[in-house]
Amino acid sequence: MISRLLNIKVPESWEIRKLNEISEIIMGQSPPSSTYNINSDGLPFFQGNADFGYYNPKVKVWCNSPKKIAQPNDILVSVRAPVGAINIADVESCIGRGLSAVRVDHRYDMKYIYYFLNHFNKVFSRLKQGSTFEAITKEELINFPLLLPQNLKEQQLISSILYNIDELIFKTQDLIKSFQILKKSLMQRLFTEGIGHTEFKETKGGKIPKSWNVLQLKKIGRIFTGKTPSTLVDDYWGDDIPFITPGDITNKHYIRKTERFVSFLGANQSKLITENGICTVCIGSTVGKVALAVKDSITNQQINSMICNENNDPHYICYAISNRSRYLKTYAGVAAVPIVKKSLFESFRIPVPSTIEEQKSISNILLSIDNNIEIEEKYQNRLKEIKKGLMQDLLTGKKRVKIN
282 MISRLLNIKV PESWEIRKLN EISEIIMGQS PPSSTYNINS DGLPFFQGNA
332 DFGYYNPKVK VWCNSPKKIA QPNDILVSVR APVGAINIAD VESCIGRGLS
382 AVRVDHRYDM KYIYYFLNHF NKVFSRLKQG STFEAITKEE LINFPLLLPQ
432 NLKEQQLISS ILYNIDELIF KTQDLIKSFQ ILKKSLMQRL FTEGIGHTEF
482 KETKGGKIPK SWNVLQLKKI GRIFTGKTPS TLVDDYWGDD IPFITPGDIT
532 NKHYIRKTER FVSFLGANQS KLITENGICT VCIGSTVGKV ALAVKDSITN
582 QQINSMICNE NNDPHYICYA ISNRSRYLKT YAGVAAVPIV KKSLFESFRI
632 PVPSTIEEQK SISNILLSID NNIEIEEKYQ NRLKEIKKGL MQDLLTGKKR
682 VKIN
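The sequence shown: position 251 = 532 (this note's numbering), numbered continuously.
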């Protein structure tokens with residue numbers, strides 16, 4: 282049973298142990314809700330994986346009458362759907378019935394066990410195949426199989442390598458967040474103060490430089506709504522022209538990938554967006570998301586696209602729409618399916634510098650930050666791929682570390 286669940290070969294000087302053989306397992310228990318508070322009274326209370334962070338859970342609620350307590354360095358396991366998520370307790374805390382605490386014996390390396398459980402957490406789901414309610418019992422936790430080196434130093438070396446990679450990932454994530462905060466702050470400033478202005482005026486949308494204008498989008502460029510080519514005609518679909526849908530528009534400035542493509546024949550059934558065409562979601566739950574096409578593309582009917590006049594910078598206009606997207610959402614009302622009609626979208630107003638030079642100066646500042654974010658995200662994704670490969674190799678003994 283154990284070997285079958287792991288589906289791996291046991292290396293020389295390694296062994297398979299059950300989780301209860303190397304740890305104490307404490308199943309959580311939820312106290313009465315009357316003991317919960319947000320005033321830091323009692324112990325931090327963690328109820329499930331919704332409280333989990335990258336390593337450690339985030340405190341949202343406290344409990345002044347805890348039933349079950351996790352100690353610092355206990356491994357927290359989500360035992361209710363979705364099962365198998367892992368964190369490490371960094372403070373003494375109360376744990377609810379959605380969690381279990383695994384208190385690793387000092388003869389074993391806690392971080393090795395943490396990484397092993399993290400990497401093989403799909404085994405938890407396999408244990409629950411066929412169950413009507415996905416939850417892990419204490420019996421199943423007790424029998425959870427672990428593959429580990431018999432030598433503690435080898436365990437520690439493996440976890441140290443993985444921890445160092447994790448630290449790089451974590452620091453990169455912090456850097457990305459810093460860039461995102463900087464971008465948000467600069468957008469608030471640049472779209473109200475511009476660059477080098479000393480005179481300002483009040484508008485319905487707030488303060489802007491005196492020389493700026495507040496323009497409807499239809500005064501800035503040509504706007505049109507996309508259309509989906511018939512899915513019944515195979516010849517309309519291929520790999521020639523990107524077909525943009527709301528799911529392809531993320532929080533990035535550019536739309537670099539699409540799930541689907543159309544043929545040249547299919548593209549003729551819709552209106553073509555040229556490079557740097559602005560695509561704004563106007564139907565659905567993501568109304569207001571906006572980004573630039575990087576090549577000739579078409580969109581579906583949920584997206585209104587805009588080709589800017591030559592005296593307007595598409596990068597600036599895209600950022601300006603994004604900065605005011607919360608107002609665009611109000612145009613959609615409270616319908617079950619939010620919709621901003623094309624006529625309403627055309628009348629949407631944004632602040633626009635009177636010269637394209639200032640527009641470009643503003644967009645270049647924001648583009649520089651976005652480029653840095655993109656570089657760091659690529660680096661972070663590369664680190665995650667490296668970590669994934671290392672976990673597969675090191676936690677199975679496929680590659681061994683040298684012990685001095």
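Glycine included, C-beta positions come from ideal geometry on N, C-alpha and C.
Local Cβ density within 10 Å of residue i, reported as buried at 16 or more and exposed below that
i, result
"Leu463", "exposed"
"Ser603", "buried"
"Arg503", "exposed"
"Gln469", "exposed"
"Asn448", "It is worth fixing the name first, because residue 448 is Glu in this sequence and not Asn. The residue is exposed, with fewer than 16 neighbouring Cβ atoms inside 10 Å."
"Val621", "buried"
"Pro527", "buried"
"Arg607", "exposed"
"Ala616", "exposed"
Cβ-Cβ distance between residue i and residue j below 8 Å
i, j, result
"Thr539", "Phe524", "yes"
"Ile369", "Leu664", "no"
"Asn585", "Cys563", "yes"
"Glu666", "Ile457", "no"
"Asn645", "Ile501", "no"
"Ala601", "Ile559", "no"
Closest Cα partner of residue i within the set the options
i, options, result
"Val575", "Gln640, Ile522, Gly334, Gln582", "Ile522"
"Leu300", "Ile356, Ile289, Lys341", "Ile356"
"Asp520", "Leu675, Leu471, Ile579, Ile319", "Ile579"
"Gly569", "Gln661, Lys482, Arg384, Leu609", "Leu609"
"Tyr336", "Asn345, Leu428, Leu443, Asn593", "Leu443"
"Gln640", "Glu474, Thr453, Asn288", "Glu474"
Inter-residue spacing [alpha-carbon to alpha-carbon] between residue i and residue j
i, j, result
"Ile283", "Arg298", "Bear in mind that the predicted position of Ile283 carries a pLDDT of just 49, short of 50, making it too unreliable to give a figure here."
"Ser374", "Ile417", "21 Å"
"Ala572", "Pro595", "10 Å"
"Arg388", "Val618", "57 Å"
"Lys533", "Phe629", "22 Å"
"Met308", "Leu438", "30 Å"
"Ala548", "Thr561", "19 Å"
"Val291", "Ser359", "27 Å"
"Gly678", "Gln431", "12 Å"
"Ser314", "Asn581", "48 Å"
"Leu647", "Asn685", "50 Å"
"Ser466", "Glu421", "49 Å"
"Gln686", "Ile654", "With the chain covering only 282 through 685, there is no way to say anything about residue 686."
"Asn557", "Ile588", "8 Å"
"Val385", "Ala351", "12 Å"
"Ile643", "Arg681", "52 Å"
"Thr484", "Val633", "12 Å"
Anticipated Cβ contact below 8 Å, residue i with residue j, distance rounded
i, j, result
"Ile303", "Ser381", "Actually they are not in contact, since the Cβ atoms of Ile303 and Ser381 sit about 15 Å apart, beyond 8 Å."
"Lys392", "Gly365", "That pair is no contact at about 18 Å."
"Gly329", "Arg361", "6 Å"
"Leu553", "Asp529", "Contact doesn't hold; Cβ gap of about 16 Å is too wide."
Cutoff 8 Å: residue i Cβ touching any chain C Cβ
i, result
"Ile462", "Protein chain content of the structure displayed is limited to a single chain, and chain C is not contained in it."
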